[in-house]
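A.B. asks: Here the sequence shown stands for residues -19 to -1, 1 to 541, numbered as in mature numbering (1 follows the signal peptide of the UniProt record, and there is no 0).
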Amino acid sequence: MAVFRSGLLVLTTPLGSLAPRLAPILTLAARLVNHTLYVHLQPGMSLEGAAQPQASPVQATFEVLDFISTFYSGAKVHTHLDVRILLTNIRTKSAFLPLLPSPVQNLAHPPEVVLTDFQTLDGSQYNPVKQQLERYATSCYSCCPQLSSVLLNPDYGELPVGSLDVPLPSTIRPSSPVARSPKQPVRGYLRGAVGGTFDRLHNAHKVLLSVACILAQEQLVVGVADKDLLKSKLLPELLQPYTERVEHLSEFLVDIKPSLTYDIVPLLDPYGPAGSDPSLEFLVVSEETCRGGMAVNRFRLENDLEELALYQIQLLKDLDHKENEEDKVSSSSFRQRMLGNLLRPPYRPELPSCLYVIGLTGISGSGKSSIAQRLKGLGAFVIDSDQLGHRAYAPGGPAYQPVVEAFGTDILHKDGIINRKVLGSRVFGNKKQLKILTDIMWPVIAKLTREELDQAVAEGKHVCVIDAAMLLEAGWQNMVHEVWTVVIPETEAVRRIVERDGLSEAAAQSRLQSQMNGQQLVDQSHVVLSTLWEPHITQRQVEKAWALLQKRIHKTPAYD
């Protein structure tokens, strides 16, 4: 059967019976759709009657909210699917009016196929039912002109006795102490807010946003963390840029509920608009950010503003998390999983065809030399640019006389060897002096590096790693196929430099300021690694990156 890029899944089974049937429904849908799966809830609708079915409002109850959370939680195993539950026909108590004839809702990715869980009596692909389904879909949403339709007819097997009567897990909790019940209607508000980082928009984000969209009737303010609020994030260098996060967020929100006005703003402090906007009535938070929501309300009371109604969303569990990852569905775990992956196409430098060259870089203290040794253990030929620098500085070396002439004989030990600590104190923090030194050293080290590359070829090596802190600053991209960067937080780098080199914190920070920062390096990198965790986790990252590299190399004709 054909695979479609986008699809619309129309669910007609009553919600109380639908939850235990979700897994087989999603499995079948995931086989047919490979990118965007829209979901439309119309419980109880029949496609076998003579009259064409019409969209009708679905009362927003806590059962509906819990179902949305359950659906997104179940869909996360199908990682290729971008699932979007459409909310236009889901109405809160204050807005529960018959749906008036309205224009067809445009979708960012018009469905190429419409699917349904509705089953004919004989389980066949009965044409009149499929025609009803297609007409229903096109009366509600913009679909592709050549719309296909499929009755999924999932095999539910033997559902456990009583499973259809079990209430859904309670995943949404209002701040009111009054006990909520599944059938209890959800109150609607004119304006509300929700906030987050929203990096690589995932299903836990979608639950948070969907609940906020259902509660809001006119406007939703969405705060997106930026600048200082990102500094404490894990692997911030791999965060999507603010504009990219906003773009994905905006498309999702307009798709699921286009009737709302969305005000997407940068979140620059812990309170954001929720702390100061008197027109807001509610705030949606997660279990993790609930304390922050309560702090917002204290801040509002201190400033003579009414408290916001808080709605707390239960975190989605990630049952497949690794030992160094969080046990919830989390963007930080997704960023960790990017470590070792190829992020952009390799360069095509003019190098010996039988040699593939990796440029390994990172800020001082990042642990790149330990990564280089791990790669050496896997079979790479390693060129240590620091050692080449030592050779160049040594008496009689190609850089010795020019450096002494530029900086004076007071940088020398009594035996005539250059005192690198003294030289370092002269150049770190002094851009003019540093440029004088690098103008001497970089061309010399580049020449020595090329000689080492020839040696690697002579030894029959196929992968060479150039370990160089200043790889990008020196402009040595023309000597490598890929740039691999090792990242750690700057605070950790300072701690390591102080411990390793006996410098003061100020001196360590001065050294780091003379280099590109982690973000600048990652922006030009093909692969990112980190030594932030235990050594065996670093080893696992390196082995993953090496295995993926071998696959890339063997796809290159010159290496066959």
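We put the beta carbon where it would ideally sit given N, CA and C, even for glycine.
1) Check whether chain C comes within 7 Å of ASP365, counting only Cβ atoms and requiring the distance to be less than that.
2) Measure the Cβ-Cβ separation of LEU94 and ALA193 and say whether it is below 7 Å.
3) Do the stretch 499 to 518 and the stretch 462 to 476 meet, that is, are 3 or more Cβ pairs less than 8 Å apart?
4) Please report how far the alpha carbon of ARG2 lies from the alpha carbon of TYR137, in whole angstroms.
5) Buried or exposed: LEU282, going by 16 or more other Cβ atoms within 10 Å of its Cβ?
6) Look at the alpha carbon of residue 591 and the alpha carbon of SER257, and state the distance between them as a whole number of angstroms.
7) Give the single residue among PRO24, GLY340 and VAL438 whose Cα lies nearest to the Cα of SER506.
8) Give me, in chain order, the residues of the same chain whose beta-carbon lies closer than 7 Å to that of PHE179; leave out the 5 immediate sequence neighbours on both sides.
9) State the Cα-Cα distance for the pair ASN284 and THR69, rounded to the nearest angstrom.
10) Classify GLY321 as helix, strand or coil using the three-state DSSP reduction.
11) Between the C-alpha atoms of VAL464 and LEU219, what's the straight-line distance to the nearest angstrom?
12) For GLN520, I'd like the list of residues in its chain whose CB is within less than 7 Å of its CB, leaving aside the five on either flank, ordered along the chain.
13) Alpha carbon to alpha carbon, what distance is there between ASP301 and ALA450?
14) So, at 7 Å on beta carbons, what are the nonlocal neighbours of PRO379 in its own chain, with the 5 sequence-adjacent residues on each side left out?
15) DSSP on GLN221, reduced to helix/strand/coil?
16) So, with DSSP's three-state summary, where would you put GLU486?
17) Please name the residue, chosen from ALA375, PHE388, VAL408 and PRO383, that lies closest to TYR396 on a Cα-to-Cα basis.
18) State yes or no: is the C-beta of GLY253 within less than 7 Å of the C-beta of GLY176?
19) Are the beta-carbon atoms belonging to ALA528 and VAL446 less than 7 Å from one another?
20) Under the rule that 16 or more other beta-carbon atoms within 10 Å means buried, what is GLN33, buried or exposed?
21) For the alpha helix (DSSP H) containing ALA353, list its first residue and its last residue.
22) Just how far apart, CA to CA, sit LEU452 and LYS428?
23) Mark SER511 as exposed unless 16 or more other C-beta atoms lie within 10 angstroms of its C-beta, in which case mark it buried.
24) Could you check where the beta strand (DSSP E) with ASP244 kicks off and where it finishes?
25) Can you grab the Cα-Cα spacing for the pair VAL508 / LEU369, in whole Å?
26) Looking only at its chain, what residues have a beta carbon closer than 8 Å to the beta carbon of GLY(-13), apart from the 5 residues adjacent to it on each side?
C.D. replies: In short:
1) Here there is only one protein chain, and chain C is not present.
2) It should be pointed out that residue 94 corresponds to Val in this sequence rather than to Leu. Using a Cβ distance threshold of 7 Å, VAL94 and ALA193 do not count as a contacting pair.
3) At 8 Å Cβ cutoff, the stretches touch.
4) Each residue's alpha carbon lies about 6 Å from the other.
5) The residue is exposed, with fewer than 16 neighbouring Cβ atoms inside 10 Å.
6) Because the chain is modelled from -19 through 541, residue 591 falls outside the range shown and cannot be assessed.
7) Comparing Cα-Cα distances from SER506 to each of PRO24, GLY340 and VAL438, the minimum goes to GLY340.
8) Around PHE179: HIS186, VAL205, ARG226 and LEU230.
9) Roughly 36 Å between the two C-alpha positions.
10) When secondary structure is reduced to three states using DSSP, GLY321 falls in the coil class, being assigned neither helix nor strand.
11) Inter-residue distance for VAL464 and LEU219 is about 15 Å (C-alpha atoms, whole angstroms).
12) The answer, listed in chain order, is ARG355.
13) Distance between the alpha carbons of ALA450 and ASP301 is about 35 Å.
14) Only ALA373 and VAL425 meet the Cβ criterion.
15) Reduced to three states, the DSSP call for GLN221 is coil.
16) Reduced to three states, the DSSP call for GLU486 is helix.
17) Reading the sequence as shown, one finds Asp at residue 396 and not Tyr. It is ALA375 whose Cα lies nearest to the Cα of ASP396.
18) Their beta carbons are under 7 Å apart, which means GLY253 touches GLY176 by this criterion.
19) Going by C-beta atoms, ALA528 is not nearer than 7 Å to VAL446.
20) It is exposed - the Cβ of GLN33 has fewer than 16 other Cβ atoms within 10 Å.
21) Run containing ALA353: 349 to 358, per the alpha helix (DSSP H) assignment.
22) Cα-Cα distance, rounded: 14 Å.
23) Under this definition SER511 is a buried residue.
24) Its beta strand (DSSP E) spans residues 242 to 248.
25) C-alpha separation (whole angstroms): 24 Å.
26) Closer than 8 Å at the Cβ level, and outside the excluded window around GLY(-13), lie ALA10, LEU13, VAL14, THR17, LEU18, TYR19, PRO92, GLU93, VAL94, VAL95 and LEU96.
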